[in-house]
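One structure below.
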Amino acid sequence: MESYALLIAATLNAGTVLALAALGLLINEKAGVVNLGAEGLMLCAAIAGFACVVHTGNDWLGFAAGMGAGAVLAAIFGVLVIWLGTNQYATGLALSLFGVGFSAFVGIGYVQEKLPERANYAIPGLADIPWVGPALFKQHPLVYVAMLLVLALVWFLYRSRTGLVLRAVGESPASAHALGYPVRRIRLAAVVVGGALCGLAGAYISVSYTPLWVEGMVAGKGWIALALTTFATWRPARVLLGAYLFGGVTMLQFHLQGMGVEVPSQMLTALPYIATIVVLALISRNPAWIRVNMPASLGKPFYPGS
Amino acid sequence: MTTPLLSLQGITKRYPGVVANQDVSLTVMPGQAHAVLGENGAGKSTLMKIIYGSVKPDEGQVVFNGQPVNIRNPQEARKLGISMVFQHFSLFDTLTVAENVWLGLDKSLSLAEVTERIVAKASEYGLDLEPNRPVHTLSVGEMQRVEIIRALLTEPKLLILDEPTSVLTPQAVEKLFVVLHKLVSQGVSILYISHKLHEIRALSSACTVLRGGKLTGVCDPREETNASLSRLMIGAEPPALQHLAREPGQVVLSVKGLSLKRQDPFGVDLEGIDLQVRAGEVVGLAGVSGNGQKELMWALSGEDTRAGVQCAADSVCLLGQAVAGLGPVPRRQLGLHFVPEERLGRGAVPSLSLSQNLLLTRSEALGAGGWVRMGALADQARSVIERFKVKAAGPDAPAQSLSGGNLQKFIVGREISAAPKLLIVSQPTWGVDVGAAAQIRAEILALRDAGCAVLVVSEELDELFELSDRMHVIAKGRLSPSVARTEATVERIGEWMSGLWPEAASAASQQQGAQHAAA
Amino acid sequence: MLRLEPRPQASRLWTYASPLLALVLTVLLGVALFMALGKDPVRGLQMFFWEPVKTGYALGELMVKATPLLVIALGLSVCFRSNVWNIGAEGQFVIGAVCAGGVALLADKDTGRWIVLAVLLAGVLGGMLWAGITALLRDRFNASEILVSLMLVYVADMVLSYLVYGPWKDPAGFNFPQSKTFEAVTQIPRLMSGSRVSVGLLLALVGAGLLWVFLFRTRAGFAQQVGGLAPDAARYAGFSSRKALWVALLTSGGAAGLAGALEVAGPIGQLTPYVPAGYGFAAIIVAFVGRLHPAGMVLSAVLMSMFYIGGELAQSRLGLPKSITGVFQGLLLFCLLACDTLVAYRLRWVASKKGSV
Numbered sequence: 645m646e647s648y649a650l651l652i653a654a655t656l657n658a659g660t661v662l663a664l665a666a667l668g669l670l671i672n673e674k675a676g677v678v679n680l681g682a683e684g685l686m687l688c689a690a691i692a693g694f695a696c697v698v699h700t701g702n703d704w705l706g707f708a709a710g711m712g713a714g715a716v717l718a719a720i721f722g723v724l725v726i727w728l729g730t731n732q733y734a735t736g737l738a739l740s741l742f743g744v745g746f747s748a749f750v751g752i753g754y755v756q757e758k759l760p761e762r763a764n765y766a767i768p769g770l771a772d773i774p775w776v777g778p779a780l781f782k783q784h785p786l787v788y789v790a791m792l793l794v795l796a797l798v799w800f801l802y803r804s805r806t807g808l809v810l811r812a813v814g815e816s817p818a819s820a821h822a823l824g825y826p827v828r829r830i831r832l833a834a835v836v837v838g839g840a841l842c843g844l845a846g847a848y849i850s851v852s853y854t855p856l857w858v859e860g861m862v863a864g865k866g867w868i869a870l871a872l873t874t875f876a877t878w879r880p881a882r883v884l885l886g887a888y889l890f891g892g893v894t895m896l897q898f899h900l901q902g903m904g905v906e907v908p909s910q911m912l913t914a915l916p917y918i919a920t921i922v923v924l925a926l927i928s929r930n931p932a933w934i935r936v937n938m939p940a941s942l943g944k945p946f947y948p949g950s
Numbered sequence: 265m266t267t268p269l270l271s272l273q274g275i276t277k278r279y280p281g282v283v284a285n286q287d288v289s290l291t292v293m294p295g296q297a298h299a300v301l302g303e304n305g306a307g308k309s310t311l312m313k314i315i316y317g318s319v320k321p322d323e324g325q326v327v328f329n330g331q332p333v334n335i336r337n338p339q340e341a342r343k344l345g346i347s348m349v350f351q352h353f354s355l356f357d358t359l360t361v362a363e364n365v366w367l368g369l370d371k372s373l374s375l376a377e378v379t380e381r382i383v384a385k386a387s388e389y390g391l392d393l394e395p396n397r398p399v400h401t402l403s404v405g406e407m408q409r410v411e412i413i414r415a416l417l418t419e420p421k422l423l424i425l426d427e428p429t430s431v432l433t434p435q436a437v438e439k440l441f442v443v444l445h446k447l448v449s450q451g452v453s454i455l456y457i458s459h460k461l462h463e464i465r466a467l468s469s470a471c472t473v474l475r476g477g478k479l480t481g482v483c484d485p486r487e488e489t490n491a492s493l494s495r496l497m498i499g500a501e502p503p504a505l506q507h508l509a510r511e512p513g514q515v516v517l518s519v520k521g522l523s524l525k526r527q528d529p530f531g532v533d534l535e536g537i538d539l540q541v542r543a544g545e546v547v548g549l550a551g552v553s554g555n556g557q558k559e560l561m562w563a564l565s566g567e568d569t570r571a572g573v574q575c576a577a578d579s580v581c582l583l584g585q586a587v588a589g590l591g592p593v594p595r596r597q598l599g600l601h602f603v604p605e606e607r608l609g610r611g612a613v614p615s616l617s618l619s620q621n622l623l624l625t626r627s628e629a630l631g632a633g634g635w636v637r638m639g640a641l642a643d644q645a646r647s648v649i650e651r652f653k654v655k656a657a658g659p660d661a662p663a664q665s666l667s668g669g670n671l672q673k674f675i676v677g678r679e680i681s682a683a684p685k686l687l688i689v690s691q692p693t694w695g696v697d698v699g700a701a702a703q704i705r706a707e708i709l710a711l712r713d714a715g716c717a718v719l720v721v722s723e724e725l726d727e728l729f730e731l732s733d734r735m736h737v738i739a740k741g742r743l744s745p746s747v748a749r750t751e752a753t754v755e756r757i758g759e760w761m762s763g764l765w766p767e768a769a770s771a772a773s774q775q776q777g778a779q780h781a782a783a
Numbered sequence: 023m024l025r026l027e028p029r030p031q032a033s034r035l036w037t038y039a040s041p042l043l044a045l046v047l048t049v050l051l052g053v054a055l056f057m058a059l060g061k062d063p064v065r066g067l068q069m070f071f072w073e074p075v076k077t078g079y080a081l082g083e084l085m086v087k088a089t090p091l092l093v094i095a096l097g098l099s100v101c102f103r104s105n106v107w108n109i110g111a112e113g114q115f116v117i118g119a120v121c122a123g124g125v126a127l128l129a130d131k132d133t134g135r136w137i138v139l140a141v142l143l144a145g146v147l148g149g150m151l152w153a154g155i156t157a158l159l160r161d162r163f164n165a166s167e168i169l170v171s172l173m174l175v176y177v178a179d180m181v182l183s184y185l186v187y188g189p190w191k192d193p194a195g196f197n198f199p200q201s202k203t204f205e206a207v208t209q210i211p212r213l214m215s216g217s218r219v220s221v222g223l224l225l226a227l228v229g230a231g232l233l234w235v236f237l238f239r240t241r242a243g244f245a246q247q248v249g250g251l252a253p254d255a256a257r258y259a260g261f262s263s264r265k266a267l268w269v270a271l272l273t274s275g276g277a278a279g280l281a282g283a284l285e286v287a288g289p290i291g292q293l294t295p296y297v298p299a300g301y302g303f304a305a306i307i308v309a310f311v312g313r314l315h316p317a318g319m320v321l322s323a324v325l326m327s328m329f330y331i332g333g334e335l336a337q338s339r340l341g342l343p344k345s346i347t348g349v350f351q352g353l354l355l356f357c358l359l360a361c362d363t364l365v366a367y368r369l370r371w372v373a374s375k376k377g378s379v
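So the sequences go chain by chain: A, F and P.
Taking our numbering, the leading residue of the first sequence gets 645, the next gets one more, and so forth.
Taking our numbering, the leading residue of the second sequence gets 265, the next gets one more, and so forth.
Taking our numbering, the leading residue of the third sequence gets 23, the next gets one more, and so forth.
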């Protein structure tokens with residue numbers, strides 16, 4: 645029984661990485677911008693966060709550094725895509741390829757570094773409840789932040805006027821422009837905020853989730869987060885659900901290995917990627933369903949002049 | 265003398281390669297309905313966008329209420345009391361009516377307050393609207409009401425309407441005019457953009473005419489004739505078309521019981537479409553856009569082949585052969601050629617040359633195995649350019665470098681020179697200048713006289729009355745009975761456009777159509 | 023202030039000049055990077071742009087690395103021109119290598135030279151199969167080909183890893199995760215002695231020629247591209263988008279698989295976990311920098327190969343991490359995309375307009 649509690653705890657933890665990144669990408673996409681650079685951006689943020697903790701010893705500064713790195717890279721991406729009108733897919737790919745190389749290049753000196761002892765977190769009182777405590781209440785604070793973020797985002801997108809403007813820009817930039825909204829600035833803001841969240845996710849990986857630096861350690865989580873926004877049909881709550889689901893799949897491999905199930909380890913490692921493919925196929929099967937939910941201008945450039 | 269509400273002085277706006285407005289001046293008095301008349305591309309829309317702050321002029325001065333103003337964006341325009349109803353609606357499909365209106369208001373109201381005000385304004389002007397419906401479920405006319413309500417809720421002193429009637433049935437136009445007259449009587453000034461002479465004469469007391477971006481006249485339209493206004497607008501009256509009576513021949517296109525569910529969630533279902541087009545006749549298809557024209561065109565051109573599975577084998581027949589399940593290529597081989605309403609991106613690939621664009625529908629320049637003979641292709645393009653008087657740098661000019669009218673001439677030319685047995689044309693003269701429009705219409709009639717069957721879809725009733733031998737109306741995915749042009753009136757067609765045609769008459773008129781065909 | 027102004031027509035000059043300007047910018051950024059790291063920038067540039075072309079042997083090595091890049095990029099250009107975003111060429115390369123390796127492992131002392139053809143064919147089919155999964159999911163389920171093809175890269179890596187750690191591990195290999203060394207008979211024929219350049223280079227160049235013919239002289243090639251430029255126009259013309267999708271993915275998958283076969287049966291000579299060298303991703307950059315044009319891609323493949331060799335040299339001679347290659351590759355693509363703005367826009371100096379309206 646205890647092992648199931650730990651499995652749930654690990655699932656929430658793994659899901660948090662995906663949730664933070666996917667919520668960031670959701671904000672981008674609600675404004676009509678697809679950032680295929682998430683993977684590279686998260687890697688750069690991971691090394692930025694890790695290096696910062698190595699030098700300062702403070703996790704929170706590390707998270708801030710990761711967010712900063714994510715925001716800066718996203719801003720470069722945003723200016724290229726939004727102002728210079730470069731192809732969103734190609735530019736995102738460039739960011740991903742650059743991020744993989746750059747993080748490896750910068751991180752070469754940190755491969756052997758160790759972080760100070762990781763803190764243990766527990767919510768006083770609640771953490772002592774048998775089973776439920778270890779499953780739910782001994783998590784890193786960011787796990788709860790991700791949950792709160794979903795609530796905040798739901799309120800922002802569907803209750804606030806600023807959120808309405810954001811959705812409007814993603815729905816029809818031309819109409820928003822005609823009504824006098826600064827479409828490009830709104831999109832850039834969304835891209836930068838989304839990038840910062842991806843950065844936070846990246847830093848969370850290297851600072852808390854697997855506290856060390858390895859080349860390419862994000863291991864496709866940026867891409868899975870991109871798939872999650874489609875999976876969730878661009879709804880924040882479903883993003884969180886999907887993230888935990890994938891977190892569960894990731895954790896299942898360790899669990900099964902622990903139980904001594906006779907499956908090649910490579911197959912278990914491949915499981916989250918295969919799951920992503922299967923889920924994408926299932927959810928995309930109905931184009932009308934996607935069409936109704938997807939921000940209509942997603943991936944399309946907007947030129948205010950025309 | 266009273267101060268003008270708005271005066272524009274010497275406005276000039278240049279775009280790369282074009283001057284949209286050159287030294288244009290305009291004066292609107294308080295409580296005046298002022299029309300801006302000009303054909304497509306005359307620079308009317310640019311001028312309005314300058315007033316509304318979404319485009320900045322290169323030269324010139326805007327004076328509002330006696331004060332020189334520099335309107336930097338639409339918010340500032342709205343603060344001054346200027347509001348605008350766009351030709352291409354600035355609406356968001358997935359949001360509700362109330363949310364759409366909210367986005368156009370600057371005051372910090374809550375959504376609930378906005379909803380209340382929508383209801384109040386709507387009842388004041390007799391414009392029915394449900395605030396909580398998503399916009400994509402509305403008809404085009406209702407969408408325009410959203411735009412109008414949104415504009416009115418800013419309590420404007422000046423209301424700009426850009427071609428507001430192009431999406432309305434004649435009856436809805438009358439209702440709109442009632443609202444506009446009421447506004448004028450309340451002291452609101454109206455700037456009314458149009459190229460329809462009778463509307464301008466019915467509504468406005470002053471008129472500014474533009475041609476090619478320049479001011480060509482200011483007048484009181486009530487004291488002018490259509491001919492004199494037309495001269496100001498286009499420089500000369502277009503030659504009247506010769507529409508000779510002609511015996512229609514065999515049935516070329518026959519559509520029977522064609523029903524198709526929408527593919528696009530924001531689209532329209534087609535229900536039991538019955539239609540026949542004979543050799544040597546032009547059949548016109550009238551209707552407000554978004555009533556199934558797009559879907560019907562997909563099914564007729566072969567871009568949508570679902571009818572082959574979902575409907576009877578004879579649901580679409582071409583020269584007696586069932587084609588419902590065939591794609592565009594085999595239909596084209598049978599003699600069906602189609603000119604779609606979207607020129608750039610559907611009728612032509614924007615970045616490719618005119619020669620290359622021929623390859624979309626023509627295969628004369630192909631050798632064995634699909635080898636492209638470049639010389640022959642360029643010659644073919646050259647001949648289309650010459651025969652249809654297309655103004656282009658040559659066969660290598662990219663499609664996007666042509667003006668709308670010239671590209672349309674090229675596309676129509678490409679299809680007509682294929683010597684089709686059936687030509688389907690959607691919006692033949694949309695956004696095309698008068699000269700090119702007259703040429704395209706003449707070509708269509710010449711093709712009919714040569715014995716080709718022609719189906720024309722248009723939102724311009726005038727155009728359909730000019731071209732057609734018989735007319736149908738499409739409304740909410742259903743097709744009306746056919747009526748001979750000689751028996752059709754604008755009122756009757758207009759009524760039918762809102763879906764109100766006598767069902768019983770259907771059978772009778774089929775007969776009548778047949779008689780007409782046989783006569 | 024500087025302002026971007028749309029050109030009435032795309033600039034032909036900048037279509038060709040933009041990749042060059044991007045290269046110049048990348049070099050400048052590289053110089054800055056070397057200086058920031060306290061390395062002599064001239065020495066640094068030498069590693070990338072002089073050492074790889076200094077001797078005949080070095081030129082040969084340049085071609086050895088350029089070959090897979092060019093082969094993959096040729097296939098990818100068909101995809102990108104049809105607006106099919108296959109970014110998983112790396113995975114197709116790996117599966118191609120695995121299939122080719124599987125056939126090569128079947129060879130023994132008595133096998134004839136024909137086995138080379140079988141090896142190459144297996145590579146092509148393996149790559150096509152892997153890309154075919156993406157095509158199938160896109161076609162039948164409308165799943166994003168971007169994400170599916172990329173996810174399949176990770177899966178492909180795991181397939182390779184499973185085989186070399188498991189069933190195909192060399193029993194006499196001291197438990198290293200690698201297969202037996204292939205029989206000499208499976209070796210891709212070399213063009214000359216003293217250089218590792220193989221017939222793969224010829225295949226790549228012939229492929230570039232065939233691609234040119236297909237793209238610019240046949241209706242099938244035209245139809246393929248219309249779907250990418252204007253999907254509605256393709257639908258109007260009656261060019262099947264499904265066919266275009268399958269052609270694009272199978273072509274690029276086959277090309278990537280071929281490159282994988284050429285690598286394992288060529289320079290590598292066995293299956294190891296180090297078969298994936300990032301060629302599939304670098305080829306994306308080759309394709310874009312080469313303007314998706316066969317001739318352009320020949321040049322950009324050589325350039326990208328210089329980056330690879332320069333990176334290795336920078337590691338061994340300057341003590342810089344090899345990943346500097348990836349940094350430069352990414353920078354080049356970034357710069358190219360930014361410079362491409364000049365194709366559609368011109369930069370103009372505009373005086374501030376306050377009060378002039």
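Virtual Cβ for every residue (Gly too), placed ideally from N, Cα, C.
Per-residue DSSP class, three states only, for residue i
i: residue 747 (chain F); result: strand
i: residue 356 (chain F); result: coil
i: residue 899 (chain A); result: helix
i: residue 314 (chain F); result: helix
First through last residue of the alpha helix (DSSP H) which encompasses residue i
i: residue 338 (chain P); result: 316-340
i: residue 236 (chain P); result: 221-239
i: residue 709 (chain F); result: 698-713
i: residue 703 (chain A); result: 703-722
Other residues of its chain near residue i: CB distance less than 7 angstroms, five sequence neighbours each side excluded
i: residue 305 (chain P); result: 91, 94, 95, 98, 111
i: residue 757 (chain F); result: 550, 725, 735, 737
i: residue 280 (chain P); result: 93, 118, 142, 145, 146, 149
Endpoints, beta strand (DSSP E) assigned at residue i
i: residue 426 (chain F); result: 422-426
i: residue 287 (chain F); result: 282-292
i: residue 392 (chain F); result: No beta strand (DSSP E) contains residue 392 (chain F), which DSSP labels as neither H nor E.
- Task: Check distances from the C-beta atoms of the region 617-634 of chain F to those of chain P and list, in chain order, the residues that come in under 8 angstroms.
- Result: 620, 623, 624, 625, 627, 630, 633, 634
- Closer than 9 angstroms, Cβ to Cβ, to anything on chain P: give me those residues from the region 601-617 of chain F, in chain order. 602, 604, 606, 608, 609, 610, 611, 612, 613, 614, 615, 616
- Name, going along the chain, the residues of the region 333-366 of chain F whose beta-carbon falls closer than 9 angstroms to a beta-carbon of chain A. 337, 338, 339, 340, 341, 342, 348, 350, 352, 353, 354, 355, 356, 357, 358, 359, 363, 364, 366
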